[in-house]
Amino acid sequence: MELFGKIALAAVLAMMLLFLWPAFKQWQEQGPKAGPGDWQSVVLPLVLVVGLVVLLIALVR
Amino acid sequence: MVNPNYSLARGAERALATNKVLKNTYLLLSATLAFSALMAAVSVAAAVPSWMYLVSVIGAMLLGIFVLPRTANSSSGIGVIFGITGLLGFGLGAILTLYLSLPKGPEVIATAFGGTGLIFLGLSGYALTAKRDFSFLGGFLFAGMMVVVIAMLANIFLALPALSLAISAAIILLMSAFILYDTSRIVNGGETNYIMATYGLYLSIFNIFVSLLQILGIMGDE
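If you read the sequences in order, they're chains P and X.
Numbers 7 to 67, taken from the numbering used here, label the letters of the first sequence in order.
Numbers 2 to 223, taken from the numbering used here, label the letters of the second sequence in order.
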């Protein structure tokens, strides 16, 4: 990648960080907290996604 | 005393409004995905150089950060969302041109496309039927996004293939969680603007596809 392209992308990503920061802080301070069983309901579908990706990798190898 | 008829009417009204947002979101999402695919096809046919991807992503990000939030409540928001998705599709075409020139490229693209479709349909179906509120994921998702952006920033200059692979894997998991979060927000009335809802879901699908393309490309020895 050309140096100019790298610098442009880095500037955009840094700007993205600046935009994400207030939302991140607000969510950490005032965001709703997980109740019992909430994380299990997220982990299960995400594990299935990981399984699917592994299967897709095996398909293209 | 609380009037039960009033409460029922309010509940039905809210359910109708949610269904309307959901229907409009999926309609607009289908239209923007189709437009994006069309722009990608144009880009492939024109054999656009790969640096165009970077230009398109930067342009789309700037539109998404500065223009879309200001226009999302008006009809011009539709034009802006088509502009963003068209731009991203056009940029994606540059990457697809690169993959198409590789021996197993078409197979990798088709697999990534099918995988993205399966992930989106599966997670959306789950979020719609589970009737759970995934809003507690907000803090985790924003923290995850910050970590991924910092890692991406570092990898621009480090250019480590292993880190690149790890970032792609993290993006797939984060965007999958975003699909649950966004869909649950629509279902539970947290998101009432179908243009912003479409934007969130479109970005998740786009990022999953690009990351899957990268992982399958690297792991498939391409």
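Ideal placement from N, C-alpha and C gives every residue a C-beta, glycine not left out.
Member of the options whose CA lies at the smallest distance from the CA of residue i
i: P:W27; options: X:V58, X:V148, X:F121 and X:Q215; result: X:V148
i: X:A131; options: P:K39, P:S47 and P:L9; result: P:S47
i: X:G94; options: X:F121, X:V45 and X:L63; result: X:V45
i: X:L17; options: X:G80, X:T199, X:V49 and X:V188; result: X:V188
i: P:M22; options: X:A198, X:V81, X:F83 and X:G60; result: X:G60
i: X:S165; options: X:M220, X:F67, X:P50 and X:L101; result: X:M220
i: X:I151; options: P:L9, P:E8 and P:A16; result: P:A16
i: X:N74; options: X:M197, X:S177 and X:G84; result: X:M197
i: X:G201; options: X:L142, X:L161, X:L101 and X:P107; result: X:L142
i: X:A47; options: X:L161, X:I85 and X:L99; result: X:L99
i: X:A32; options: X:S76, X:F67, X:T86 and X:A42; result: X:T86
i: X:I66; options: P:I13, P:L19, P:Q32 and P:R67; result: P:L19
i: P:L62; options: X:L161, X:T199, X:G118 and X:A167; result: X:G118
i: P:I13; options: X:M40, X:L39, X:L55 and X:L101; result: X:L55
i: X:L39; options: X:L103, X:M62, X:G84 and X:L69; result: X:G84
i: X:L101; options: X:P70, X:L69 and X:A42; result: X:A42
i: X:S177; options: X:K105, X:A167, X:S205 and X:I168; result: X:S205
i: P:L9; options: X:Y182, X:A160 and X:T199; result: X:A160
i: P:G11; options: X:M53, X:R15, X:N20 and X:E14; result: X:M53
i: P:V66; options: X:T72, X:A35, X:G106 and X:I96; result: X:G106
i: X:Y182; options: X:L34, X:D134, X:A167 and X:L63; result: X:D134
Distance CB(residue i)-CB(residue j) smaller than 9 Å
i: X:G116; j: X:L30; result: no
i: X:Y203; j: P:P51; result: no
i: X:A144; j: P:F30; result: yes
i: X:I120; j: X:I180; result: yes
i: X:V22; j: X:F91; result: no
i: X:G123; j: P:V49; result: no
i: X:S51; j: X:L88; result: no
i: P:W59; j: X:A170; result: In the sequence under discussion, the amino acid at residue 59 of chain P is Val, which differs from the Trp named in the question. Their beta carbons are under 9 Å apart, which means P:V59 touches X:A170 by this criterion.
i: X:R186; j: X:S136; result: yes
i: X:T184; j: X:L129; result: yes
i: X:T140; j: P:G37; result: Residue 140 of chain X is actually Gly in this sequence, not Thr. In this structure, P:G37 lies closer than 9 Å to X:G140 by Cβ.
i: X:F207; j: X:S37; result: yes
i: X:L174; j: X:M146; result: no
Beta-carbon separation (whole angstroms), residue i vs residue j, contact threshold 8 Å
i: X:G78; j: X:L69; result: 7 Å
Flag this pair as touching only if the stretch 212-223 of chain X and the stretch 151-159 of chain X have three or more C-beta atom pairs under 8 Å; answer yes or no.
Proximity of the stretch 212-223 of chain X to the stretch 151-159 of chain X falls short of the contact definition, fewer than three beta-carbon pairs being nearer than 8 Å.
Would the stretch 190-199 of chain X count as touching the stretch 25-43 of chain X if we require 3 or more Cβ pairs under 8 Å?
With a cut-off of 8 Å, the stretch 25-43 of chain X and the stretch 190-199 of chain X count as touching, because enough Cβ pairs lie within range.
Do the stretch 35-42 of chain P and the stretch 100-115 of chain X touch if we need at least three Cβ pairs shorter than 8 Å?
No: fewer than three Cβ pairs fall under 8 Å.
Please name the residues in the stretch 185-208 of chain X whose beta-carbon is closer than 8 Å to at least one beta-carbon of chain P, in chain order.
Against chain P - using a Cβ distance shorter than 8 Å - the stretch 185-208 of chain X contributes no residues.
Interfacial residues, the stretch 17-39 of chain P to chain X, with Cβ spacing under 8 Å:
If the cut-off is 8 Å between Cβ atoms, the stretch 17-39 of chain P has V18, L19, A20, M21, M22, L23, F25, L26, W27, A29, F30, W33, Q34, G37, P38 and K39 near chain X.
Report the residues of the stretch 15-44 of chain X with a CB closer than 7 Å to any CB of chain P, ordered along the chain.
Hits within the stretch: zero.
Residues, ordered as in the chain, of the stretch 122-142 of chain X that lie near chain P by beta-carbon distance below 9 Å:
Taking 9 Å as the upper bound on Cβ-Cβ separation, chain P lies near residues G123, L124, Y127, A128, A131, R133, D134, F135, S136, F137, L138, G139, G140, F141 and L142 of the stretch 122-142 of chain X.
Near-chain P residues of the stretch 169-183 of chain X (beta-carbon distance less than 8 Å), N- to C-terminal order
Cβ contacts with chain P: A170, I173, L174, S177, A178 and L181.
Interfacial residues, the stretch 59-84 of chain X to chain P, with Cβ spacing under 7 Å:
Here the close residues are I59, M62 and I66.
Between the stretch 86-99 of chain X and chain P, which residues of the former have CB atoms less than 9 Å from a CB of the latter, in chain order?
So nothing in the stretch comes that close.
With 9 Å as the limit, tell me which residues of the stretch 144-170 of chain X have their beta carbon closer than that to any beta carbon of chain P; keep them in chain order.
Under the 9 Å Cβ criterion, the stretch 144-170 of chain X contributes A144, M146, M147, V150, I151, M153, L154, I157, F158, A160 and A170.
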